[in-house]
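Per UniProt numbering, the very first residue in the sequence shown carries number 1; after that it's consecutive.
Beta carbons are placed, not taken as given, at the ideal position from N, Cα and C, and that holds for glycine.
Note that the coordinates shown come from a computational prediction; the quantities given were computed from them, not determined experimentally.
Working notes for the structure below.
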Amino acid sequence: MDQPETTEQFSFTLETEDSPFDPQVTKSPRSKPRKKFASGFRSSDSKAPMDTCYQEEYEESAPMVKFNLDFDRKPGSSSSDSTGAAKFDLKTLFDAVASGDVSRLDGLQNYLRKTLKQLTHSDFKDPVNGKTCLLKALLNLKDGQNDTIDVLLDIAEKEGYLKDFVNAAYTDSYYKGQSALHVAIERRNRHYVEMLVQKGADVNARASGKFFQLNEGNGFYFGELPLALAACTNQMDIVKFLMENPYEKAKVDATDSMGNTVLHALVTVADNTLVNTKFVTMMYDEILRKGNQLYPKIKLESITNNRKLTPLKLAAKTGKLEIFKHIIGREFPEKDCRHLSRKFTEWVYGPVHSCLYDIDSIDSYEKNSVLEILVYGSEIPNRHELLCIEPLNKVLEDKWKKFVSKIFFTNFFFYLMYLITFTMIAYYRKEGKPSFHIENTPLEYLRLAGQLISLSGAVYFFIKGIKDLLKKRTTWQGLIIDGYYEILFFLQALFFLTATVLYFLRQEEYVACLVLSLALAWVDVLYYTRGFKHLGIYSVMIQKMILRDIMRFLIVYMVFLIGFSASLVTLIEDSPAKAFVGIGDGTCNNKSYNSIYFTTQELFKFTIGMGDLEFTEQFNFKHLFYFLLICYIILTYILLLNMLIALMSETVDKISKESKNIWKLQRAITIFDLEKSLPRYLKSKLRSGITKDLGSSANEDIRRCFRVETVNWNQWNSNLGIINEEPGNHDINRTGSPHIGYQRASTLN
Numbered sequence: 001m002d003q004p005e006t007t008e009q010f011s012f013t014l015e016t017e018d019s020p021f022d023p024q025v026t027k028s029p030r031s032k033p034r035k036k037f038a039s040g041f042r043s044s045d046s047k048a049p050m051d052t053c054y055q056e057e058y059e060e061s062a063p064m065v066k067f068n069l070d071f072d073r074k075p076g077s078s079s080s081d082s083t084g085a086a087k088f089d090l091k092t093l094f095d096a097v098a099s100g101d102v103s104r105l106d107g108l109q110n111y112l113r114k115t116l117k118q119l120t121h122s123d124f125k126d127p128v129n130g131k132t133c134l135l136k137a138l139l140n141l142k143d144g145q146n147d148t149i150d151v152l153l154d155i156a157e158k159e160g161y162l163k164d165f166v167n168a169a170y171t172d173s174y175y176k177g178q179s180a181l182h183v184a185i186e187r188r189n190r191h192y193v194e195m196l197v198q199k200g201a202d203v204n205a206r207a208s209g210k211f212f213q214l215n216e217g218n219g220f221y222f223g224e225l226p227l228a229l230a231a232c233t234n235q236m237d238i239v240k241f242l243m244e245n246p247y248e249k250a251k252v253d254a255t256d257s258m259g260n261t262v263l264h265a266l267v268t269v270a271d272n273t274l275v276n277t278k279f280v281t282m283m284y285d286e287i288l289r290k291g292n293q294l295y296p297k298i299k300l301e302s303i304t305n306n307r308k309l310t311p312l313k314l315a316a317k318t319g320k321l322e323i324f325k326h327i328i329g330r331e332f333p334e335k336d337c338r339h340l341s342r343k344f345t346e347w348v349y350g351p352v353h354s355c356l357y358d359i360d361s362i363d364s365y366e367k368n369s370v371l372e373i374l375v376y377g378s379e380i381p382n383r384h385e386l387l388c389i390e391p392l393n394k395v396l397e398d399k400w401k402k403f404v405s406k407i408f409f410t411n412f413f414f415y416l417m418y419l420i421t422f423t424m425i426a427y428y429r430k431e432g433k434p435s436f437h438i439e440n441t442p443l444e445y446l447r448l449a450g451q452l453i454s455l456s457g458a459v460y461f462f463i464k465g466i467k468d469l470l471k472k473r474t475t476w477q478g479l480i481i482d483g484y485y486e487i488l489f490f491l492q493a494l495f496f497l498t499a500t501v502l503y504f505l506r507q508e509e510y511v512a513c514l515v516l517s518l519a520l521a522w523v524d525v526l527y528y529t530r531g532f533k534h535l536g537i538y539s540v541m542i543q544k545m546i547l548r549d550i551m552r553f554l555i556v557y558m559v560f561l562i563g564f565s566a567s568l569v570t571l572i573e574d575s576p577a578k579a580f581v582g583i584g585d586g587t588c589n590n591k592s593y594n595s596i597y598f599t600t601q602e603l604f605k606f607t608i609g610m611g612d613l614e615f616t617e618q619f620n621f622k623h624l625f626y627f628l629l630i631c632y633i634i635l636t637y638i639l640l641l642n643m644l645i646a647l648m649s650e651t652v653d654k655i656s657k658e659s660k661n662i663w664k665l666q667r668a669i670t671i672f673d674l675e676k677s678l679p680r681y682l683k684s685k686l687r688s689g690i691t692k693d694l695g696s697s698a699n700e701d702i703r704r705c706f707r708v709e710t711v712n713w714n715q716w717n718s719n720l721g722i723i724n725e726e727p728g729n730h731d732i733n734r735t736g737s738p739h740i741g742y743q744r745a746s747t748l749n
């Protein structure tokens, strides 16, 4: 009877009970009232504290079958003979370990033996979250020490359940899975970390409770695993111990419930601040080095999580600028770690550096690449900054110069031809109701050809708009921010197709849709300003002001306009004698001044400074009427318009600092869209960079690289792993070894 027996079929646990036995008293667990514990939490799913000194009462635990050790004694007899003088319950044990006083645990081992209990017994676990006395002791360290921990571990080891005791974890949904090892690491206590690992603690245990998940509430995500916790809390000594200890080494490629490795976890906790970036990048590199040393066959940076993201792609997806910049430009000069680099210094002359960047998983040639994530990641707030990091910036420039600019300006030329054709057929349309009769004249056939060209263009833009909506920008934010001109192209096509339908139905209203489509078609010319730097930046400012300042202004203005129109129209009386206004030619125009439509028109004139305070005299409460009118003028003509001007000025000042990067982002979207439209064999032929062998022997480390030359006045030619000894000579692949010789490769740019 040394171990608790669990029957899985009926899901109950058989344990001992040492309370006095009285056959005349029966307790029904159903009749027992439910209790609150003093912290006020009732459910194990609630955000109960991990540890508190105010827990006095507990909820009723799940039903459990127990047998009483005093069942053979007479009613009323004492059980002191069987249990001894010392008796321990949950509160007594928790208070003792929290105090750190070893003397308060005297007699504990004898008590456990006589009652056939263990320290993992349900009587010694917090019924709310499953916390054990070991967890309680680790949460109550004083100057990094708690002597009761050694006593507890010694008892568990002597009684033969040490491993179960050490690995007992929280069971509630909020802290589920957190073990003693997690707590010791969080308390930054290497002594107890080493002790627990030596005693059999699971170094790959997962703390998967809600507190440790990525959410908007309180909590801390660290990757669930002990190694990730030590890394994310900047404890290099513990990280090295967990990876190198002789008892059980932590798996460097172990993943949490989201598929994240320790590298993913480090990227997640990065926050772009100076202090955070310093330790995260240092920890990231050290784990890479140590992982390569211990597990050379594991490519740690190639492991993807459940979202198919590597650490580099996760950094791009979450907009972690500093860690992204570090990973993409990481260079290890040490020979044994050089293959872990993503940047290789090819040659150096003075301040001039020529570097090769590994663009595998970066170039848009591959699916779900870093460029694709950034270009279509409208939820990434600083993606325009990420795209300016080398080599991304130079790769995009290379694509633009190599083939995209030619395709772009060709499209621009054809669009201008289409627009001129569209304008001509709209201008020379037939008056009156639409007619299907085509006269046998050159002008008629020319008009028909223009109509067919315009219709074909509208169908193309309509289908393209639907594809863009379904494939690229599924969110409303992405549609508005990245698909601004795509929406305009789509509306242009929609109005034209609507006009076509009305034309075939012989409705003169087709002209209205045709005119709207024509206006949008000319506005869409601004899309092609992306090909010109200064015009593109100017277009960015216009777009931002429309989407930010003018949209907010219109929303507030419509509230004022409708509200004051409704108020004023209730004061106006429509007198039959004054309802007819002479026009001057002897005719009369019947204007109803108590119409909200007419009143709205008059109030709008006040907004643009063309209103007339005496536009009608048919009103009651003259003073109230003028008071409302003056309030409207102050709120709209004076306040709102001046606020709009001030906000637009502020937007220009703000955007002018980053407008160039935003323009580059918009051009990057165009580059990616045009590249995706090419067939696979053309994309392969036009791919950026060259294939380079960067290993110490032939065909050992072949990568797709891109060359970037920079001027760095802070770093000089010293202790660098240089590939070529001759600066500026891009044709020489390496400085040759006797068995390899010199290899030739084409230049990158």
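Q.
Among the candidates 175, 544 and 393, whose CA atom is the shortest distance from the CA of residue 710?
A. Against the sequence shown, residue 710 aligns to sequence position 710. It is 393 whose Cα lies nearest to the Cα of residue 710.
**Q.** DSSP state of residue 332 mapped onto helix, strand, coil
**A.** The sequence position of residue 332 within the sequence shown is 332, counting from 1. If DSSP states are grouped into helix, strand and coil, residue 332 belongs with coil.
**Q.** Outcome for residue 402 when other beta-carbon atoms lying within 10 angstroms are tallied against a minimum of 16
**A.** Locating residue 402 in the sequence shown gives position 402, counting from the first residue. With fewer than 16 Cβ atoms within 10 Å of its Cβ, residue 402 is classed as exposed.
Q | residue 224 burial status per 10 Å Cβ neighbour count (16 or more: buried) | A | To locate residue 224, count along the sequence shown from 1; it is residue 224. Residue environment: residue 224 is assigned as buried (16 or more neighbouring CB atoms within 10 Å of its CB, all protein chains considered).
(Q) Quick check: what's the CA-CA separation for residue 524 versus residue 253? (A) Numbered from its first residue, the sequence shown carries residue 524 at position 524. Numbered from its first residue, the sequence shown carries residue 253 at position 253. When rounded, the distance between both Cα atoms is 50 angstroms.
Q: Using the Cα positions of residue 300 and residue 206, report the straight-line distance between them to the nearest angstrom.
A: For the purposes of this step, residue 300 is taken as residue 300 along the sequence shown, with counting starting at 1. For the purposes of this step, residue 206 is taken as residue 206 along the sequence shown, with counting starting at 1. Straight-line Cα distance between these residues: approximately 19 angstroms.
**Q.** Within 8 angstroms, strictly: CB atoms of residue 232 and residue 183
**A.** Numbered from its first residue, the sequence shown carries residue 232 at position 232. Numbered from its first residue, the sequence shown carries residue 183 at position 183. Not a contact, by the Cβ cut-off of 8 angstroms.
Q: Could you name the residues of the same chain whose beta carbon sits closer than 7 angstroms to that of residue 541, not counting the 5 residues immediately before and after it, in chain order?
A: Looking up residue 541 in the sequence shown gives position 541. Closer than 7 angstroms at the Cβ level, and outside the excluded window around residue 541, lie 652, 655 and 659.
Q | Option in 167, 417 and 599 with minimal Cα separation from residue 563 | A | For the purposes of this step, residue 563 is identified with residue 563 of the sequence shown, where counting begins at 1. The option with the nearest alpha carbon to residue 563 is 599.
Q.
Assuming residue 185 and residue 108 are in contact, meaning their beta carbons sit under 8 angstroms apart, how far apart are those beta carbons, in whole angstroms?
A. Locating residue 185 in the sequence shown gives position 185, counting from the first residue. Locating residue 108 in the sequence shown gives position 108, counting from the first residue. At roughly 27 angstroms, the Cβ-Cβ gap does not stay under 8 angstroms, so residue 185 and residue 108 are not in contact.
Q) Any idea if residue 378 is buried or exposed, counting beta-carbon neighbours within 10 angstroms, 16 or more meaning buried? A) Locating residue 378 in the sequence shown gives position 378, where the first residue counts as 1. The residue in question, residue 378, is buried, as its Cβ has 16 or more Cβ neighbours within 10 Å.
Q: Taking only runs that begin and end inside the region 207–276, name each unbroken alpha helix (DSSP H) of 4 or more residues, in chain order.
A: The DSSP assignment places complete alpha helix (DSSP H) segments of no fewer than 4 residues inside the region 207–276 at 226–232, 236–244 and 262–269, in order along the chain.
Q | For residue 222 and residue 146, the rounded distance between their alpha carbons | A | Position 146 of the sequence shown, counting from 1, holds the residue named residue 146. Position 222 of the sequence shown, counting from 1, holds the residue named residue 222. If you take the alpha carbons of residue 146 and residue 222, they lie about 26 angstroms apart.
Q: Let me know the secondary structure DSSP gives residue 649 once reduced to three states.
A: What you label residue 649 is simply residue 649 of the sequence shown in a count that begins at 1. Helix at residue 649.
Q | Entirely enclosed alpha helix (DSSP H) segments - the region 627–707, minimum 4 residues | A | You should have 641–676 and 680–685.
Q.
So the candidates are 316, 294, 304 and 321; which of them puts its Cα closest to the Cα of residue 277?
A. Here residue 277 refers to the residue found at position 277 when the sequence shown is read from its first residue. Taking residue 277 as reference, the option from 316, 294, 304 and 321 with the minimal CA-CA separation is 321.
Q | Three-state secondary structure (DSSP) of residue 711 | A | Indexing the sequence shown from 1 puts residue 711 at position 711. Residue 711 falls in the strand class under three-state DSSP.
Q. Which of the three DSSP states, helix, strand or coil, is assigned to residue 345?
A. For the purposes of this step, residue 345 is taken as residue 345 along the sequence shown, with counting starting at 1. In the structure shown, residue 345 adopts extended strand secondary structure according to DSSP, grouped into three states.
Q. If we count the other Cβ atoms within 10 Å of its Cβ and call it buried at 16 or more, is residue 24 buried or exposed?
A. Residue mapping note: residue 24 aligns to position 24 of the sequence shown, counting from 1. Note that residue 24 has pLDDT 45, beneath the 50 cutoff, so the model's placement of it is unreliable and no number is given.
Q: Apply the 10 Å Cβ neighbour rule to residue 631 and answer buried if 16 or more other Cβ atoms are within range, or exposed otherwise.
A: By 1-based counting over the sequence shown, the position of residue 631 is 631. Burial call: exposed.
Q | Separation of residue 316 from residue 386, as counted between CA atoms | A | Numbered from 1 along the sequence shown, position 386 holds the residue referred to as residue 386. Numbered from 1 along the sequence shown, position 316 holds the residue referred to as residue 316. Spanning the two alpha carbons is a distance of roughly 8 angstroms.
Q.
Between the alpha carbons of residue 500 and residue 429, how many angstroms are there, rounded?
A. Taking the sequence shown and counting its residues from 1, one reaches residue 500 at position 500. Taking the sequence shown and counting its residues from 1, one reaches residue 429 at position 429. If I take the Cα positions, the gap works out to 13 angstroms.
Q. Using a Cβ-Cβ cut-off of 8 angstroms (strictly less than) and excluding sequence neighbours within five positions of residue 526, which residues of its own chain qualify?
A. By 1-based counting over the sequence shown, the position of residue 526 is 526. Spatial neighbours of residue 526 in its own chain (CB-CB distance under 8 angstroms, excluding positions within 5 residues in sequence) are listed in chain order as 485, 539 and 542.
Q: Consult DSSP for residue 357 and reduce its assignment to one of helix, strand or coil.
A: For the purposes of this step, residue 357 is taken as the residue at position 357 of the sequence shown. In the displayed model, residue 357 falls within a strand according to three-state DSSP.
(Q) Taking only three categories from DSSP, how would you classify residue 198? (A) For the purposes of this step, residue 198 is taken as the residue at position 198 of the sequence shown. Taken through DSSP and simplified to helix, strand or coil, residue 198 comes out as helix.
Q. Comparing alpha-carbon positions, which option in 638, 144 and 230 lies nearest residue 608?
A. By one-based count along the sequence shown, residue 608 stands at place 608. Among 638, 144 and 230, the Cα nearest to that of residue 608 belongs to 638.
Q: Give the DSSP bridge partners of residue 142, in chain order.
A: As a position in the sequence shown, residue 142 is number 142, starting the count at 1. 145, per the DSSP bridge assignment.
Q: Identify the continuous alpha helix (DSSP H) that holds residue 405 and give its terminal residues.
A: One-based indexing of the sequence shown puts residue 405 at position 405. Judged by DSSP secondary structure, residue 405 falls within the alpha helix (DSSP H) whose first and last residues are 405–427.
Q.
Rounded to the nearest angstrom, what separates residue 420 and residue 509 at their Cα positions?
A. Locating residue 420 in the sequence shown gives position 420, where the first residue counts as 1. Locating residue 509 in the sequence shown gives position 509, where the first residue counts as 1. Looking at the two C-alpha atoms, the distance is approximately 23 angstroms.
Q) Going straight from the alpha carbon of residue 228 to that of residue 549, what length do you get? A) For the purposes of this step, residue 228 is taken as residue 228 along the sequence shown, with counting starting at 1. For the purposes of this step, residue 549 is taken as residue 549 along the sequence shown, with counting starting at 1. Cα-Cα distance, rounded: 44 angstroms.
Q.
Within 10 Å of its beta-carbon, does residue 372 have 16 or more other beta-carbons around it, so buried, or fewer, so exposed?
A. If you number the sequence shown from 1, residue 372 lands on position 372. When all chains shown are included, residue 372 counts as buried.
**Q.** Buried or exposed (CB count within 10 angstroms, at least 16 for buried), residue 106
**A.** Position 106 of the sequence shown holds residue 106. Of the other Cβ atoms in all chains shown, fewer than 16 fall within 10 Å of the Cβ of residue 106; this residue is therefore exposed.
(Q) Distance check for residue 208 and residue 250, CA to CA, integer angstroms please. (A) As a first step, residue 250 is located in the sequence shown; it is residue number 250 there, counting from the start. As a first step, residue 208 is located in the sequence shown; it is residue number 208 there, counting from the start. Rounded to whole angstroms, residue 250 to residue 208 spans 17 angstroms at the Cα level.
Q.
Within a Cβ cutoff of 6 angstroms, which residues of the same chain sit near residue 350, ignoring the five residues on either side of it in sequence?
A. Residue 350 sits at position 350 when you count from the first residue of the sequence shown. The answer is none, since no qualifying residue turns up.
Q | Collapsed DSSP secondary structure at residue 352 in the structure displayed | A | Taking the sequence shown and counting its residues from 1, one reaches residue 352 at position 352. DSSP places residue 352 in strand when its eight states are reduced to three.
Q) I think residue 363 touches residue 395, with their Cβ atoms under 8 angstroms apart; what is that distance to the nearest whole Å? A) On the sequence shown, position 363 is the one that residue 363 refers to. On the sequence shown, position 395 is the one that residue 395 refers to. Contact flag correct, Cβ pair sits at about 6 angstroms.
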